[in-house]
Amino acid sequence: MQLTVLPGDGIGPEITSAALQVIEHVKRAFSLDLTIDVHDIGLAALQRTGTTLPPSVLEACRRADGVILGPVSTASYPARDQGGVNASAALRIELDLFANVRPSRTREGLQHWGRTPMDLVIVRENTEGFYADRNMYSGTGELMPTPDLALSIRRISAAASSRIARAAFELAAARRRHVTAVHKVNVLGVTEGLFLREVQSVARAHSDITYDEQLVDSMAALLVRDASRFDVIVTTNMFGDILSDEAAELSGSLGLGASINAGERHCMAQAQHGSAPDIQGQNKANPTSLILSSAMLLDWLGRRHRQENLRAAARLIEKSVDVVLNNPATRTADLGGPRSTTAFTFELCKEIDSRASR
Ligand code: NAD
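In terms of the working numbering, the numbers along the sequence shown are unbroken and rise by one, the last being 961.
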């Protein structure tokens with residue numbers, strides 16, 4: 604099986620290197636048949652090739668069984684016609700990665716910032732919504748009719764709403780069987796109304812799963828007050844983007860938030876956070892998010908190709924991360940610990956080896 608790895612910008616190369624080390628250790632432990640190719644994207648590729656996403660890299664991703672994408676410094680990119688292509692957006696569209704699956708859970712022994720423990724998954728629609736660079740067939744979803752007037756168009760379709768709802772209910776069926784749709788139908792009656800219509804239709808076909816709805820503003824408060832009441836949350840693109848960062852931080856740190864972008868045929872692991880240029884090159888970043896995202900990718904591949912050893916490798920990574928995070932002496936700086944990125948990764952690989960040999 605082929606994994607294509609794109610380290611990205613900022614802390615991307617540091618946390619990608621950590622994720623690759625972890626994959627090497629589980630590859631050995633479970634004799635996984637994995638081949639890995641690494642390609643430059645982002646500012647490194649821009650200097651060399653004139654674009655932040657060379658077409659050859661996009662093709663490599665299309666051919667791969669799975670992709671691991673490091674964060675990208677999109678805020679520092681030049682305009683698209685000068686080579687600035689957001690790889691995260693482009694790959695989600697080109698590979699039709701419609702479901703952004705973002706779990707957040709609190710962990711034994713690790714301080715969380717919400718009032719209750721949580722174990723939830725935000726399932727975010729990934730291909731339309733307010734994201735102006737990807738929600739039009741031609742042109743962008745942002746317009747400026749005069750110098751003092753700017754407009755943003757949001758696209759919500761029945762097809763995209765229905766398929767993200769199906770993904771959420773399928774996930775809930777394997778968890779605590781509860782789906783909450785998050786919306787803002789009170790002010791965006793037409794678009795949010797269409798989204799809810801499709802989710803409700805999927806809910807009716809899953810009468811064994813509890814279904815309820817929550818306004819996005821009250822959801823932001825409820826995540827702080829009592830996130831324990833939620834299991835799977837399904838929502839549109841931007842609401843999911845914002846709420847998942849909130850949930851990850853409440854669970855302990857943004858640096859813990861794993862995610863995959865999944866479609867019918869492709870899957871891409873991607874950290875929830877950005878490229879953190881403020882700590883770039885300092886060996887300070889917490890690599891957990893990308894490591895757990897890579898574990899989610901292995902699990903997705905294991906389910907798709909019916910290879911139990913890939914799923915077992917994912918479980919071993921999850922368990923080992925819990926153990927290393929449980930010990931204050933082996934945490935990274937964002938969690939108040941003393942460990943660098945490389946020292947944390949060393950501890951984690953040691954834990955993986957020790958558990959694998961039991
Ligand atoms: P950010 O997520 O990069 O950083 C926010 C804060 O969290 C910073 O203080 C950072 O140091 C900290 N942080 C983030 N990840 C961390 C980690 N793994 N370990 C420890 N601390 C961590 O958000 P930002 O500063 O708003 O954005 C920086 C750049 O990232 C921008 O160019 C933005 O466009 C881009 N971005 C990319 C993605 C992506 O690639 N998917 C997502 C969000 C932002």
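Every residue, glycine too, gets a C-beta built ideally from N, C-alpha and C.
Are the beta-carbon atoms of residue i and residue j separated by less than 7 Å?
i      : j      : result
Gly611 : Gly673 : yes
Ser781 : Thr813 : Checking the sequence shown, residue 781 turns out to be His, not Ser. In contact: His781 and Thr813 (Cβ atoms closer than 7 Å).
Thr607 : Ala667 : yes
Ala872 : Leu904 : no
Ala784 : Val802 : yes
Val726 : Val704 : yes
Met841 : Gly712 : no
Thr944 : Asn886 : yes
Val837 : Ala768 : yes
Leu797 : Ile759 : yes
Leu635 : Cys664 : no
Arg710 : Asp722 : no
Ala916 : Val629 : yes
For my contact list, residue i and residue j are in at a C-beta cut-off of 8 Å; report their separation, rounded to the angstrom.
i       : j      : result
Ala888  : Glu617 : 5 Å
Ala959  : Leu919 : 7 Å
His715  : Ser854 : 6 Å
Leu913  : Ser856 : The pair is not a contact, with the Cβ atoms about 27 Å apart (cut-off 8 Å).
Ser862  : Val625 : No, Ser862 and Val625 are not in contact; Cβ-Cβ is about 16 Å, not under 8 Å.
Asp643  : Arg651 : 7 Å
Glu950  : Arg961 : The pair is not a contact, with the Cβ atoms about 17 Å apart (cut-off 8 Å).
Gly866  : Leu700 : 5 Å
Leu563  : Val724 : The requested residue 563 is not part of the displayed model; the chain covers only 604 to 961.
Ser1044 : Thr933 : Because the chain here runs from 604 to 961, residue 1044 falls outside it and cannot be looked at.
His869  : Leu698 : 4 Å
Val819  : Ala771 : Going by Cβ atoms, the distance from Val819 to Ala771 rounds to 16 Å, so no, they are not a contact pair.
Which residues in the same chain have their Cβ closer than 7 Å to the Cβ of residue i, if we skip the five residues on either side of it in sequence?
i      : result
Thr654 : Ala648, Gly686 and Val688
Asp736 : Asn689, Ala692 and Thr743
Ser676 : Asp612, Gly613, Gly645, Leu646, Ser878 and Pro880
Val926 : Glu954
Ile696 : Thr730 and Arg737
Arg766 : Phe701
Thr839 : Glu728, Gly732, Ile759 and Phe798
For residue i, is the classification buried or exposed, using 16 other Cβ atoms within 10 angstroms of its Cβ as the cut-off for buried?
i      : result
Ile756 : exposed
Ser804 : exposed
Ala815 : Correcting the residue type first, residue 815 is Asp in the shown sequence and not Ala. By the neighbour-count rule (16 or more Cβ atoms within 10 Å), Asp815 is not buried but exposed.
Val793 : exposed
Ser764 : buried
Glu728 : buried
Pro657 : buried
Pro748 : exposed
Asn789 : exposed
Gly884 : exposed
Tyr740 : exposed
Gly563 : Residue coverage of the chain in this structure runs from 604 to 961, which leaves residue 563 outside it and unanswerable.
Asp684 : exposed
Thr891 : buried
Thr638 : exposed
His908 : exposed
Ser821 : exposed
Got a sec? Which residues, its chain only, sit under 6 Å from residue i by beta carbon, not counting five neighbours each side?
i      : result
Phe947 : Thr935
Leu893 : Ile618, Ala622 and Ala874
Glu849 : Leu826
Arg779 : Asp834
Ala632 : Ala959
Ser679 : none
Gln605 : Thr638, Ala667 and Asp668
Spatial neighbours of residue i within its chain, please: CB distance less than 8 Å, with the 5 preceding and 5 following residues excluded, ordered by chain position.
i      : result
Pro681 : Leu649 and Gly687
Arg906 : Arg914
Glu921 : Leu895 and Ala898
Q | 3 or more residues per run - each beta strand (DSSP E) lying fully within the region 637 to 676 | A | Runs of the beta strand (DSSP E) spanning 3 or more residues and lying entirely within the region 637 to 676 occur at 638 to 641 and 669 to 672, in chain order.
Q: Kindly provide the ranges of any beta strand (DSSP E) runs that are 3 or more residues long and lie completely inside the region 823 to 911, ordered along the chain.
A: Whole beta strand (DSSP E) segments, 3+ residues: 835 to 838, 863 to 865 and 870 to 873.
Q. Mind pulling the beta strand (DSSP E) runs of 3 or more residues that sit fully within the region 678 to 722?
A. Listed in chain order, the complete beta strand (DSSP E) runs (minimum 3 residues) inside the region 678 to 722 are 702 to 708.
Q. Which ranges would you report for the alpha helix (DSSP H) in the region 748 to 799 if only whole runs of at least 4 residues count?
A. Taking only runs of at least 4 residues, the alpha helix (DSSP H) segments lying wholly in the region 748 to 799 are 761 to 776.
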